[in-house]
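Peer 1: Just dropping this structure here.
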Amino acid sequence: AHAGGPNSVMKWAVLTGVTIVLGTIILRSQSPNGSSRADEEEGDSAKLKRKPRVQIFNNDWIFFCYSTLPLNAISRLWGQVNSLDLPVWMRPWGFKCYSYLFGVNLDEMEDPDLRHYSNLSEFFYRNIQPNARPIYPGHNAIICPSDGKVLQIGIIDSDSGEIEQVKGLTYSIRDFLGTHSQPSVSRSQSTVDLVPDEEKHKEFARVNNFRLSDPSGNESEHYIEVKNEGDKTVEESKPTMSKTVGLLNELSLNPDLYGKPYNEPKDTQLFFAVIYLAPGDYHHFHSPVNWVCKIRRHFPGDLFSVAPYFQRNFPNLFVLNERVALLGNWKHGFFSMTPVGATNVGSIKLNFDKELKTNVKRKRHSEPHACYEATYGNASRILGGMPLTKGEELGGFMLG
Amino acid sequence: STVVLCFEAPKSFKFKVKDGDKVKMGQELGTV
């Protein structure tokens with residue numbers, strides 16, 4: 002500084018001052034009591050978003066800096082780069098190199114000729130031979146919806162509605178799946194119309210003991226008639242409203258929008274399972290059971306990595322990330338399946354919902370919708386939703 | 004990417020996998 006003379010000292014002083022001021026502003030904006038009066042009017046969703054960030058900040062500088070990165074833009078760029086067509090001569094050894102690095106099983110691919118995949122995005126979203134994944138039969142069994150690694154399984158505490166991310170770290174099922182009364186929801190009706198298949202749906206309902214909605218298409222009450230083999234049906238033993246029912250009504254079906262409140266058969270519990278897909282895994286997901294999907298809630302969020310390290314250390318990761326919650330019911334009651342995006346795979350695709358677009362550039366300063374909700378009630382009048390059979394391919398994760 | 008299942012089932016439901024298991028689509032996750 003001495004050698005550079007007075008103006009370089011001035012430069013250093015200004016730079017240091019600006020850094021301190023910026024750091025203070027960022028710290029204050031992250032601390033809960035630093036929120037201004039205007040913030041108080043913000044919807045819960047904004048508070049909800051800020052709360053986890055505060056936790057991130059309190060948690061660790063690394064996560065704080067990481068959470069300021071433009072991950073959604075990086076993800077879109079990643080997708081665009083990987084959608085550039087590769088020269089044919091480059092494809093075989095390029096995809097073999099990727100397969101070696103990430104443990105891709107090339108033998109099970111539906112189209113084994115690597116030159117047919119024009120870019121990495123297509124190769125990433127490859128199909129496998131139908132018989133490569135036999136579907137476990139069991140009428141009462143739930144199958145794995147995708148390849149991957151089981152990160153967490155367990156029971157959801159009906160009182161708190163909390164799901165364990167890992168030991169000691171939890172997130173709320175209400176925040177994760179959304180509730181019908183949450184602020185800033187934009188609702189739409191899916192335009193899918195399966196009415197011509199009604200006969201098939203009647204068979205589907207009979208096989209799975211689903212109660213049909215009345216022919217006029219009004220939502221009958223969501224009472225799942227479960228025939229217990231041999232002894233009396235649950236219907237005869239009127240279900241008592243257990244603690245779970247309040248949570249389920251909050252989560253899934255808005256009485257004045259989608260029909261009567263959710264009644265449930267007795268002695269049930271809420272379970273959860275978290276499956277992480279590694280970059281080399283087959284990235285399509287399938288239906289784990291025979292069920293009827295009634296609502297889709299798309300939460301445009303961040304795209305943090307969901308690698309096991311982040312799941313172990315990043316609080317509220319699943320509540321912050323972009324995700325598509327599919328809610329409905331199966332023969333034993335409420336059922337939901339939620340694909341959660343990540344930095345490299347921001348695009349979540351649903352085969353039966355072409356209107357769904359994830360990881361799109363959001364208009365600056367637009368009110369951050371808590372979620373975009375679509376209902377499938379008109380997909381099948383008698384079922385009141387989208388019938389999905391066990392093992393059926395529902396969609397997948399695409400690069401970018 | 005991650006897939007999260009949250010579902011209601013009778014208390015007799017048992018998971019057939021445990022944390023850390025590698026799974027394939029179509030494999031039994033659990034049964035009532």
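Just so you know, the sequences run in chain order X and L. In this text, residue positions in the first sequence follow my numbering: the first is 2, and each later residue adds one. In this text, residue positions in the second sequence follow my numbering: the first is 4, and each later residue adds one. In this text, a Cβ means the ideal position worked out from N, Cα and C, and glycines have one as well.
Which class does residue 126 (chain X) belong to by DSSP, given the choice of helix, strand or coil?
Peer 2: Your numbering for residue 126 (chain X) matches position 125 in the first sequence. The answer is coil: DSSP assigns residue 126 (chain X) none of H, G, I, E or B.
Peer 1: From residue 319 (chain X) to residue 5 (chain L), what does the alpha carbon distance come to, in whole angstroms?
Peer 2: Residue numbering aside, residue 319 (chain X) sits at position 318 when the first sequence is read from its first letter. Residue numbering aside, residue 5 (chain L) sits at position 2 when the second sequence is read from its first letter. Annotation: residue 319 (chain X) to residue 5 (chain L) spans about 9 Å, alpha carbon to alpha carbon.
Peer 1: Mapping DSSP to helix, strand and coil, what is residue 292 (chain X)?
Peer 2: For this step, residue 292 (chain X) is matched to residue 291 along the first sequence. Of the three classes helix, strand and coil, the one that applies to residue 292 (chain X) here is strand, per DSSP.
Peer 1: Take residue 77 (chain X) and list the residues in its own chain whose beta-carbon comes closer than 8 Å to its own, dropping the five residues that flank it on each side.
Peer 2: Along the first sequence, one-based indexing puts residue 77 (chain X) at 76. Closer than 8 Å at the Cβ level, and outside the excluded window around residue 77 (chain X), lie 347, 360, 362, 401.
Peer 1: Does DSSP put residue 115 (chain X) in a helix, a strand or coil?
Peer 2: Counted from its first residue, the first sequence places residue 115 (chain X) at position 114. Correct three-state label for residue 115 (chain X): helix.
Peer 1: Helix, strand or coil: how does DSSP classify residue 298 (chain X) here?
Peer 2: Position 297 of the first sequence, counted from the start, is the residue given in the question as residue 298 (chain X). Note: residue 298 (chain X) maps to strand in three-state DSSP.
Peer 1: Taking DSSP's pairing of strands, which residues face residue 106 (chain X) in a bridge?
Peer 2: One-based indexing of the first sequence puts residue 106 (chain X) at position 105. Answer is none; residue 106 (chain X) lacks a bridge partner.
Peer 1: Does residue 323 (chain X) pass the burial test, meaning 16 or more other C-beta atoms within 10 Å, or should it be called exposed?
Peer 2: As a first step, residue 323 (chain X) is located in the first sequence; it is residue number 322 there, counting from the start. That one is buried.
Peer 1: Relative to the alpha-carbon of residue 150 (chain X), which residue among L:7, L:32, L:25, L:16 has its alpha-carbon at the smallest distance?
Peer 2: Translated into positions along the first sequence, residue 150 (chain X) becomes position 149. Minimum Cα distance to residue 150 (chain X) is reached at L:25.
Peer 1: Use the C-beta contact count for residue 19 (chain X): other C-beta atoms within 10 angstroms, 16 or more gives buried, fewer gives exposed.
Peer 2: Translated into the one-based positions of the first sequence, residue 19 (chain X) becomes position 18. Residue 19 (chain X) should be labelled exposed.
Peer 1: So residue 79 (chain X) contacts chain L; which residues on that side make the cut at Cβ distance below 8 Å?
Peer 2: Within the first sequence, residue 79 (chain X) is the residue found at index 78, counting from 1. Simply none; closest approach about 13 Å.
Peer 1: Anything in chain L within Cβ reach of residue 338 (chain X), meaning under 9 Å, just list it in chain order.
Peer 2: For the purposes of this step, residue 338 (chain X) is taken as the residue at position 337 of the first sequence. Within chain L, the residues near residue 338 (chain X) are 6, 7, 8, 9, 10.
Peer 1: For residue 139 (chain X) and residue 61 (chain X), what's the separation of their Cα atoms in angstroms?
Peer 2: Your numbering for residue 139 (chain X) matches position 138 in the first sequence. Your numbering for residue 61 (chain X) matches position 60 in the first sequence. Cα-Cα distance, rounded: 45 Å.
Peer 1: Buried or exposed, going by whether 16 or more other CB atoms sit within 10 Å of the CB of residue 17 (chain X)?
Peer 2: Within the first sequence, residue 17 (chain X) is the residue found at index 16, counting from 1. It is exposed - the Cβ of residue 17 (chain X) has fewer than 16 other Cβ atoms within 10 Å.
Peer 1: Verify the CB distance criterion: does residue 135 (chain X) have a CB-CB separation below 8 Å to chain L?
Peer 2: Mapped onto the first sequence, residue 135 (chain X) falls at position 134. Yes, its Cβ sits closer than 8 Å to a Cβ of chain L.
Peer 1: Can you find a CB in chain L that lies within less than 8 Å of the CB of residue 272 (chain X)?
Peer 2: Along the first sequence, read from residue 1 onward, the residue named residue 272 (chain X) stands at position 271. Answer yes: the Cβ-Cβ gap between residue 272 (chain X) and chain L drops below 8 Å somewhere.
Peer 1: Return no unless some Cβ of chain L is closer than 8 Å to the Cβ of residue 284 (chain X).
Peer 2: Residue mapping note: residue 284 (chain X) aligns to position 283 of the first sequence, counting from 1. Answer yes: the Cβ-Cβ gap between residue 284 (chain X) and chain L drops below 8 Å somewhere.
Peer 1: Three-state secondary structure (DSSP) at residue 404 (chain X)?
Peer 2: Outside the shown range of chain X (2 to 401) lies residue 404 (chain X), about which nothing can therefore be said.
Peer 1: For the putative contact between residue 34 (chain L) and residue 291 (chain X), defined by C-beta atoms under 8 Å, what is the C-beta separation to the nearest angstrom?
Peer 2: Here residue 34 (chain L) refers to the residue found at position 31 of the second sequence. Here residue 291 (chain X) refers to the residue found at position 290 of the first sequence. About 14 Å separates the two Cβ atoms, so there is no contact after all.
Peer 1: Please report whether the beta-carbon of residue 389 (chain X) lies at a distance below 8 Å from any beta-carbon of chain B.
Peer 2: No chain B is present in this structure, whose protein chains are X and L.
Peer 1: Let me see if you follow: with CB-CB separation under 8 Å, is residue 17 (chain X) close to chain L or not?
Peer 2: Locating residue 17 (chain X) in the first sequence gives position 16, counting from the first residue. False, the Cβ-Cβ gap to chain L never drops below 8 Å.
Peer 1: Within its chain, find whatever has a CB closer than 7 Å to the CB of residue 310 (chain X); leave out the 5 residues flanking it on each side and keep chain order.
Peer 2: The residue given as residue 310 (chain X) occupies position 309 in the first sequence. No residues qualify anywhere along the chain.
Peer 1: Taking the C-alpha atoms as reference points, what is the distance between residue 329 (chain X) and residue 87 (chain X)?
Peer 2: Numbered from its first residue, the first sequence carries residue 329 (chain X) at position 328. Numbered from its first residue, the first sequence carries residue 87 (chain X) at position 86. So the two alpha carbons sit approximately 41 Å from each other.
Peer 1: With a cut-off of 8 Å on the beta carbons, I'd call residue 152 (chain X) and residue 303 (chain X) a contact; round off their distance for me.
Peer 2: Numbered from 1 along the first sequence, position 151 holds the residue referred to as residue 152 (chain X). Numbered from 1 along the first sequence, position 302 holds the residue referred to as residue 303 (chain X). That belief does not hold up - the Cβ atoms of residue 152 (chain X) and residue 303 (chain X) are roughly 19 Å apart, past 8 Å.
Peer 1: Mind the definition here: the stretch 383 to 399 of chain X touches the stretch 93 to 108 of chain X only if three or more C-beta pairs lie below 8 Å; say whether that holds.
Peer 2: The stretch 383 to 399 of chain X vs the stretch 93 to 108 of chain X: no contact.
Peer 1: Here's a check: name, in chain order, each residue in its chain whose Cβ is nearer than 6 Å to the Cβ of residue 175 (chain X), leaving out the five neighbours to either side.
Peer 2: For the purposes of this step, residue 175 (chain X) is taken as the residue at position 174 of the first sequence. Shown here for residue 175 (chain X): same chain residues with a beta carbon closer than 6 Å to its own, the five before and five after excluded, namely 162 in chain order.
Peer 1: Please return the same chain residues whose Cβ sits closer than 6 Å to the Cβ of residue 1 (chain X), not counting the five positions on each side in sequence.
Peer 2: In the structure displayed, chain X extends from 2 to 401; residue 1 (chain X) sits before or after that span and is not available.
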